[in-house]
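Contents: one structure, followed by commentary.
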Amino acid sequence: TRVHFGYLLLQKEDLLAAEKEFQKVYAISQSVGHRGLQVESQAGLALVASLRHEAASALAFIDKIVQYVDEWALLEGINVQSRVWLSTLLAAGNVRHPKTKQLAVLANNWLQTRAAEIEDEILRHSFLHAVPENRQLNEIVGGTEAAEDGAKKVGLVQDEERMINGRYILHE
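One point on numbering: in the numbering used here, the residue at position 12 of the sequence shown is 858, and numbering is uninterrupted.
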């Protein structure tokens, strides 16, 4: 999808092209009322804005995502995907959003709930550690030593391998 293409462009450090893809998805999803894609594209736009050091823009997108999660995610039964949680957490950390810790708790609850629904231990482990977004999210919010290190990556410690212009990006 175009959202995935936007994230690929982010990995190639092409912020302008990634932003355009996320904007296209947002416009189309808004016109047809697809909230899940709206939120996913907003998470991408928040990450792009944070990578550009555009705190006000990133904060506006993050606040919309937080509002969505607060008001609709549970009511509609829509699962906010790992990529949305991960992008939102990274963007929030980049701009020092005041709700970063709350978002991390919500993301951890979401991830652990999804994992708990998987009865097979091998599949559950695979869900948490083999899916790139889940692995990164688990590193940030998972309650282990690795998670403590990962939590620092949400704005407290800088990891040069995962950054553009001093900001965090998604990596496989």
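All C-beta atoms in this analysis are idealised placements derived from N, C-alpha and C, irrespective of residue type, glycine included.
Note that the coordinates shown come from a computational prediction; the quantities given were computed from them, not determined experimentally.
His943, buried or exposed, once every other Cβ within 10 Å from all chains shown has been counted against 16: The residue is buried, with at least 16 neighbouring Cβ atoms inside 10 Å.
Whose CA, out of Val912, Gln913, Ala892 and Ile911, lies closest to the CA of Ser903? With distances taken between Cα atoms, Ser903 lies closest to Ala892.
Counting beta carbon pairs with one atom in the region 925-934 and one in the region 953-960, are three or more of them shorter than 8 angstroms? The region 953-960, when compared against the region 925-934, does touch it at the 8 angstroms Cβ threshold.
With a threshold of 9 angstroms between beta carbons, is Leu983 in contact with chain C? Among the protein chains of the structure shown there is no chain C, as only one such chain exists.
Going by DSSP in three states, Val951 sits in which element: helix, strand or coil? Note: Val951 maps to helix in three-state DSSP.
Given that a residue counts as buried once 16 or more other Cβ atoms are within 10 Å of its Cβ, and exposed if not, what is Val894? Val894 is buried by the Cβ-count criterion.
When you compare the CB positions of Tyr872 and Gln857, do they come within less than 9 angstroms of one another, or not? Contact: no.
Where Arg848 and Leu861 are concerned, what is the direct C-alpha to C-alpha distance, given to the nearest angstrom? CA-CA distance, Arg848 to Leu861, rounds to 14 angstroms.
Taking C-beta to C-beta, are Lys947 and Ile908 nearer than 9 angstroms? The answer is no: Cβ separation not under 9 angstroms.
Can you give me the start and stop residues for the alpha helix (DSSP H) that Arg881 sits inside? Boundaries of the alpha helix (DSSP H) harbouring Arg881: Arg881 to Leu897, taken from the DSSP string.
Using CA atoms only, rank isn't needed, just tell me which of Val878, Ala938 and Gln927 is closest to Glu979. Checking every option, the nearest Cα to that of Glu979 belongs to Gln927.
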